[in-house]
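Comments concern the structure below.
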Amino acid sequence: MLLLVCSGFSYAQKKATVESLKQAFEGKFYIGTALNLNQIWERDPAADKLIKSQFNSIVAENSMKSMHLQPQEGKFNFKDADKFVAYGEANNMFLIGHTLIWHSQAPSWFFKNEKGEEVSKEVLIERMRNHITAVVSRYKGRIKGWDVVNEAILDDGSWRKSKFYNIIGEEFIELAFKFAHAADPDAELYYNDYSMALEGRRNSVVKMIKNLKSKGIKISAIGMQGHLSLDFPKVEEFEKSILAFAAEGVKVMITEMDITVLPMPNRNIGAQVESNFAYKKEMNPYEDGLPKDKQTIFEKRYLDFFKLFLKHEDKISRVTVWGVTDADSWRNNWPMPGRTDYALLFDRQYNAKPVVKQIYRFGSSKKKP
1 MLLLVCSGFS YAQKKATVES LKQAFEGKFY IGTALNLNQI WERDPAADKL IKSQFNSIVA
61 ENSMKSMHLQ PQEGKFNFKD ADKFVAYGEA NNMFLIGHTL IWHSQAPSWF FKNEKGEEVS
121 KEVLIERMRN HITAVVSRYK GRIKGWDVVN EAILDDGSWR KSKFYNIIGE EFIELAFKFA
181 HAADPDAELY YNDYSMALEG RRNSVVKMIK NLKSKGIKIS AIGMQGHLSL DFPKVEEFEK
241 SILAFAAEGV KVMITEMDIT VLPMPNRNIG AQVESNFAYK KEMNPYEDGL PKDKQTIFEK
301 RYLDFFKLFL KHEDKISRVT VWGVTDADSW RNNWPMPGRT DYALLFDRQY NAKPVVKQIY
361 RFGSSKKKP
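Right, here's the structure in full:
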């Protein structure tokens, strides 16, 4: 079988053949990426060039999650988050804070008292208030939008039985949005989730928007995590969710886009980060490169979705890929560690894949609104 390593147009070529993605989508929507610590601290010069030339919006992949910002109650560590904000401001980027309230990657103390017992509703609400207020206030006017609540709904539309839900109930959603708005009234506020093309999750998110708006609580946009595979979801189902959310008077953001080419050990896990399977060699079929037929499907998939985003550019305010190059992608180690995936637009040698030029040309050919 002929194997091809994902190759394309070298960023380092003297005469650039990969035009800027941010230029292609100028006046349509922001094009963003997630930064890891090496990139935030500018330890990877090649990645730094790509970030600055290709993207006009950034989000911290991990360093602004609560377990990192407040590892102990009342003891905040803003070092990495401060550097992330400074990096974005220095490069005139639209900054996204990710994420204020999430059941995963939250410090264990958040839900326990000094005896190790589960805290009361009142205590947890106050801890939410304190965390959100401290973080959002620190970056008031600098971070432009916040993923306020992340992944609170399951595939069938029921509530995830997280500690926030079990202790506080549904009210934790509206409280989080209220606290964030109070800390920075001008910031955009988002609800963010994966598998948003599923009807159950779609319908429940619509209900959430209606509920918040009926109470006068600000919600600016819905983040549709674009963790896709080669055959899921259908473009048509994804489009239904874009239309459903936009019909409620909010913007739509594609927040965490990547397209895995690898088989999944379980098709029902969506993008649930806690899922974990032991390594099996047969689940890592492309260690030495991606077959040409898979590369073709991968490229068509990316182009089909970018065509969809441009079709609805009046509803979509941002498209963010979840990482800079394939080497950075969380897909290499989730839900099974040690695999080789090809989920992003730039390969492990910092080269743009052929589809990047297609995306650029398609975006540039469309008239600005």
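Residues in the sequence shown are numbered from 1 upward in steps of one, following UniProt numbering.
Even glycine gets a Cβ: it sits at the ideal position worked out from N, Cα and C.
Taking residue i as part of the alpha helix (DSSP H), name the residues at either end of that continuous run.
i: Y302; result: K292 to K311
i: E89; result: K79 to A90
i: N130; result: K121 to R138
i: E171; result: E171 to A183
i: N166; result: K163 to I168
i: L198; result: Neither: L198 is in no alpha helix (DSSP H) and is coded neither H nor E.
i: L69; result: S66 to L69
Since residue i and residue j are thought to touch, with beta carbons under 8 Å apart, how far apart are those beta carbons, to the nearest angstrom?
i: S195; j: D155; result: 6 Å
i: W322; j: E256; result: 4 Å
i: E89; j: K144; result: No, E89 and K144 are not in contact; Cβ-Cβ is about 11 Å, not under 8 Å.
i: F362; j: K307; result: 7 Å
i: L290; j: V261; result: 6 Å
i: Y302; j: L50; result: Not really, about 17 Å apart at Cβ, beyond 8 Å.
Roughly how many angstroms lie between the CA atoms of residue i and residue j, to the nearest whole one?
i: S275; j: V123; result: 29 Å
i: A34; j: V273; result: 16 Å
i: G157; j: M224; result: 15 Å
i: K75; j: N130; result: 12 Å
i: G104; j: T320; result: Looking at the sequence itself, residue 104 is Ser, so the reference to Gly does not match. One C-alpha to the other measures close to 21 Å.
i: K281; j: W334; result: 14 Å
i: I318; j: L243; result: Here residue 318 turns out to be Arg, not Ile, going by the sequence shown. So the two alpha carbons sit approximately 15 Å from each other.
i: K65; j: D304; result: 32 Å
i: G141; j: I153; result: 30 Å
i: V135; j: K83; result: 14 Å
i: A221; j: M208; result: 12 Å
i: W41; j: S214; result: 42 Å
i: residue 371; j: F29; result: Residue 371 lies beyond the range of the chain shown here (1 to 369); nothing can be said about it.
i: E212; j: K292; result: For clarity, residue 212 is Leu in the given sequence; the question names Glu instead. Rounded to whole angstroms, L212 to K292 spans 47 Å at the Cα level.
i: K52; j: N266; result: 37 Å
i: K357; j: S329; result: 21 Å
i: V250; j: D288; result: 44 Å
i: F164; j: P107; result: 13 Å
Short of 8 Å in beta carbon distance, which residues of its chain neighbour residue i, apart from the five on each side in sequence? Order them along the chain.
i: A327; result: R348
i: N113; result: V119 and V123
i: P233; result: S195, A197 and L198
i: Y279; result: M336, P337, G338 and R339
So, at 6 Å on beta carbons, what are the nonlocal neighbours of residue i in its own chain, with the 5 sequence-adjacent residues on each side left out?
i: V149; result: I101, I173, A176 and Y191
i: W109; result: E73
i: N332; result: R339 and D341
i: I297; result: L230
i: I96; result: V59 and G145
i: H181; result: K218
In chain order, what residues of the same chain have a beta carbon less than 7 Å from the beta carbon of residue i, not counting five sequence neighbours either side?
i: L54; result: Here the sequence assigns Gln to residue 54, which means Leu is not the residue at that position. Same-chain partners within the cutoff: S20, L21 and K22.
i: F179; result: M128, R129, I132 and T133
How far does the beta strand (DSSP E) with residue i in it extend, from its first residue to its last?
i: V98; result: A small correction: the amino acid at residue 98 is His; Val does not occupy that position in the sequence shown. Element bounds for H98: F94 to W102.
i: Y350; result: Y350 -> no beta strand (DSSP E), and no H or E assigned at all.
i: D147; result: G145 to N150
Contained beta strand (DSSP E) runs [length at least 3] in the stretch 309–346, N- to C-terminal order: 316–321
Complete runs of the beta strand (DSSP E) confined to the stretch 209–286 [at least 3 residues]: 221–224, 227–229 and 251–260
Unbroken stretches of the beta strand (DSSP E), 3 residues or longer, contained in the stretch 20–56: 30–35
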